[in-house]
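**Student:** Residue numbers for the sequence shown follow our numbering, beginning at 1390 and rising by one.
The C-beta atom is built at its ideal place from N, Cα and C for all residues, glycine as well.
I am attaching a structure below and will ask some questions about it afterwards.
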Amino acid sequence: MTSNTSFAETIGLPMPCTSVPAHMGTFLAFDYGTKRTGVAFGTRMLASANGVGLIAAQGKAQFPLAQQYIAQWQPDALVVGIPFHPDGAEHENTLRARKFMRSLHGRFNLPIFGVDERYSTTEALADGANESQVDAQSAAIILTQFLRSLP
């Protein structure tokens, strides 16, 4: 997980990624993709997450589906995986994921945190996820990484 305040500032978020209040116990994570976005739910107490679904839509059509997951799981905050090249450089999907993150925050007014998601899909595939499960499993990996980084 990125641990500097400047990351949150660069994506226009009101809260640094390292500022996770102790009262926040439940989280919904998104592994953003241009075709599909995986969704996972996890708790701070267990420091683990499970994939709960998939948003198979693009653009503004994603947000009513995200709202359904938020209504169902009632998270205290959201987490979004932010992709980077292996060397840490940004690419086009980095910008897209940040835009998705800002849009989630603006639409649902929940605290939101970004997590460096390099290799989450590779890890999900290595763990045996098939094509229909890989996005939700990647979201679970992203969220578990985030939860385990919390004090």
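Any idea if HIS1541 is buried or exposed, counting beta-carbon neighbours within 10 angstroms, 16 or more meaning buried?
**Tutor:** Lying before the first or after the last residue shown, residue 1541 is absent from the chain, which here runs from 1390 to 1540.
**Student:** Does MET1404 come out as helix, strand or coil in the three-state DSSP assignment?
**Tutor:** As a position in the sequence shown, residue 1404 is number 15, starting the count at 1. Note that MET1404 has pLDDT 42, beneath the 50 cutoff, so the model's placement of it is unreliable and no number is given.
**Student:** Can you grab the Cα-Cα spacing for the pair GLU1481 / PRO1540, in whole Å?
**Tutor:** The count along the sequence shown starts at 1 and reaches residue 1481 at position 92. The count along the sequence shown starts at 1 and reaches residue 1540 at position 151. Taking the straight line from one Cα to the other gives about 32 Å.
**Student:** Since ALA1438 is in the beta strand (DSSP E), which residue starts that stretch and which ends it?
**Tutor:** The count along the sequence shown starts at 1 and reaches residue 1438 at position 49. Here the beta strand (DSSP E) through ALA1438 covers 1437-1444.
**Student:** Return the Cβ separation of ALA1429 and GLY1414 in integer angstroms, given the expectation that the two are a contact with Cβ distance under 8 Å.
**Tutor:** In the sequence shown, the residue the question calls residue 1429 occupies position 40. In the sequence shown, the residue the question calls residue 1414 occupies position 25. The pair is not a contact, with the Cβ atoms about 15 Å apart (cut-off 8 Å).
**Student:** Please specify which runs of the beta strand (DSSP E), each continuous and at least 3 residues long, are wholly inside the segment 1456-1511, giving them in chain order.
**Tutor:** DSSP runs (the beta strand (DSSP E)) wholly in the segment 1456-1511: 1466-1471 and 1501-1505.
**Student:** CA-CA distance, PRO1464 and TYR1458?
**Tutor:** For this step, residue 1464 is matched to residue 75 along the sequence shown. For this step, residue 1458 is matched to residue 69 along the sequence shown. PRO1464 and TYR1458: Cα-Cα distance of roughly 9 Å.
**Student:** Here's the rule: buried if 16 or more other CB atoms are within 10 angstroms of the residue's CB, otherwise exposed. What is THR1426?
**Tutor:** Reading the sequence shown from its first residue, position 37 is the one you call residue 1426. Buried, because 16 or more other Cβ atoms sit within 10 Å of the Cβ of THR1426.
**Student:** Name the one or two DSSP bridge partners that GLY1427 has.
**Tutor:** Here the question's residue 1427 lines up with position 38 in the sequence shown. BP columns for GLY1427 point to ASP1420 and LEU1443.
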